[in-house]
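Numbering (mature numbering (1 follows the signal peptide of the UniProt record, and there is no 0)), first residue to last: 33 to 334. The beta carbon of each residue, even a glycine, is placed where N, CA and C say it ideally should be. In this text the structure is predicted, and so the values were computed from the model without any measurement.
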Ligand code: G3I
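Take a look at the structure:
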């Protein structure tokens, strides 16, 4: 039984991974994606510097490939990501005028999300906008528009695809414990924005863990999930990939009712953004690692 099938039998929507067109055509990745995973996140092809590297010049080649492959193979898609300070082209970073930046965000968000309306389950509308203390990270978005950029982005996203679940996504929110500044800050802001009518459906916790951090996931994720309709672990990888740490992390989502799914950030160690730390579920020979087998046996017994 695949890990995705087991996850679905536990009432969740998917167990997925990131991918992009290069990976789909490389080695045994496609077979593994088909057999083991139920959801795909574009690792890089949906980012601003790829989608709109110069103003109004949209490039959807890579993302089209990923979404089409997902559709023909019955995989759900998490869209990633429309508003992020990183991988952001200079022409956006240089904007200083509020009205200009508002229009640029609206155009970018509505064009990208609108193109895939009906084909994407969830979108990371805003990514990594908090600093470690729980305030707003300095970026062109927060510097020019203050926190209002969040409302602008989410409203444009809702209009572009009324059926997609709209997420705010960040890292270091489940790694350090529920009292960590970024975690409590995210909870405070998201609670306030949802109360004010900003259409945020979900909180994404990336969960790029260092060894030893899995013990912090359950309490932090519980606190985060309590403030939105739904939540997900969106980019899981764990330095060293200890089996018990993977199980503890994934089980946290299983145990939280409105945690809808888990996405790991890659298939095979050598293709990871932190390859030297062997953080994934498959080794260089495309063989499942102990963490994968432990997940299957533990989850199947739940
Ligand atoms: O495509 C070019 C290629 O043409 C060039 O030869 C090569 C030389 O370095 O670079 C390639 O682009 C790289 C790209 O990955 C594709 O491999 C970029 O330099 C590199 O910066 C980029 O890294 C990605 C990183 O985000 C930055 O966007 C990682 O693959 C991706 O895993 C990582 O994912 C992020 C999430 O989006 C957000 N959360 C954190 C997570 C990990 O950093």
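Residue of the options minimising C-alpha distance to residue i
i: residue 213; options: 283, 166, 252; result: 166
i: residue 299; options: 125, 313, 309; result: 313
i: residue 318; options: 303, 326, 327; result: 303
i: residue 206; options: 192, 245, 197; result: 245
i: residue 135; options: 113, 149, 185; result: 185
i: residue 94; options: 144, 106, 61; result: 144
i: residue 9; options: 149, 200, 168, 322; result: Since the first residue of the chain shown is 33 and the last is 334, residue 9 is not available in this structure.
i: residue 142; options: 321, 84, 204, 315; result: 84
i: residue 189; options: 306, 113, 74; result: 113
i: residue 74; options: 226, 97, 128; result: 97
i: residue 146; options: 191, 128, 305, 164; result: 191
i: residue 203; options: 181, 180, 164, 315; result: 164
i: residue 40; options: 294, 168, 320, 315; result: 294
i: residue 137; options: 169, 183, 62; result: 183
i: residue 180; options: 307, 79, 226, 86; result: 226
i: residue 152; options: 78, 320, 62, 86; result: 78
For residue j and residue i, the rounded distance between their alpha carbons
i: residue 44; j: residue 291; result: 8 Å
i: residue 72; j: residue 224; result: 31 Å
i: residue 161; j: residue 102; result: 28 Å
i: residue 220; j: residue 58; result: 43 Å
i: residue 66; j: residue 56; result: 10 Å
i: residue 209; j: residue 215; result: 8 Å
i: residue 276; j: residue 240; result: 16 Å
i: residue 121; j: residue 280; result: 38 Å
i: residue 69; j: residue 268; result: 14 Å
i: residue 323; j: residue 285; result: 16 Å
i: residue 297; j: residue 172; result: 27 Å
i: residue 282; j: residue 111; result: 21 Å
i: residue 49; j: residue 104; result: 17 Å
i: residue 178; j: residue 329; result: 47 Å
i: residue 401; j: residue 253; result: Lying before the first or after the last residue shown, residue 401 is absent from the chain, which here runs from 33 to 334.
i: residue 118; j: residue 334; result: 39 Å
i: residue 54; j: residue 305; result: 14 Å
i: residue 128; j: residue 82; result: 22 Å
Burial state of residue i (16 or more Cβ within 10 Å)
i: residue 123; result: exposed
i: residue 218; result: buried
i: residue 132; result: exposed
i: residue 107; result: buried
i: residue 126; result: exposed
i: residue 42; result: exposed
i: residue 326; result: buried
Residue i vs residue j beta-carbon contact at 7 Å
i: residue 47; j: residue 64; result: no
i: residue 331; j: residue 38; result: yes
i: residue 229; j: residue 262; result: no
i: residue 52; j: residue 76; result: yes
i: residue 257; j: residue 232; result: no
i: residue 197; j: residue 238; result: no
i: residue 99; j: residue 115; result: no
i: residue 271; j: residue 243; result: yes
i: residue 236; j: residue 301; result: no
i: residue 310; j: residue 273; result: yes
i: residue 176; j: residue 139; result: no
i: residue 200; j: residue 158; result: yes
DSSP state of residue i mapped onto helix, strand, coil
i: residue 262; result: strand
i: residue 306; result: coil
i: residue 130; result: helix
i: residue 147; result: helix
i: residue 205; result: coil
i: residue 46; result: strand
i: residue 270; result: strand
i: residue 79; result: coil
i: residue 253; result: helix
i: residue 313; result: coil
i: residue 41; result: helix
i: residue 74; result: strand
i: residue 162; result: strand
i: residue 235; result: strand
i: residue 140; result: helix
i: residue 95; result: helix
i: residue 288; result: coil
Short CB-CB distance (under 7 Å) between residue i and chain B
i: residue 254; result: Going by chain labels, chain B is absent from the structure shown, which holds only one protein chain.
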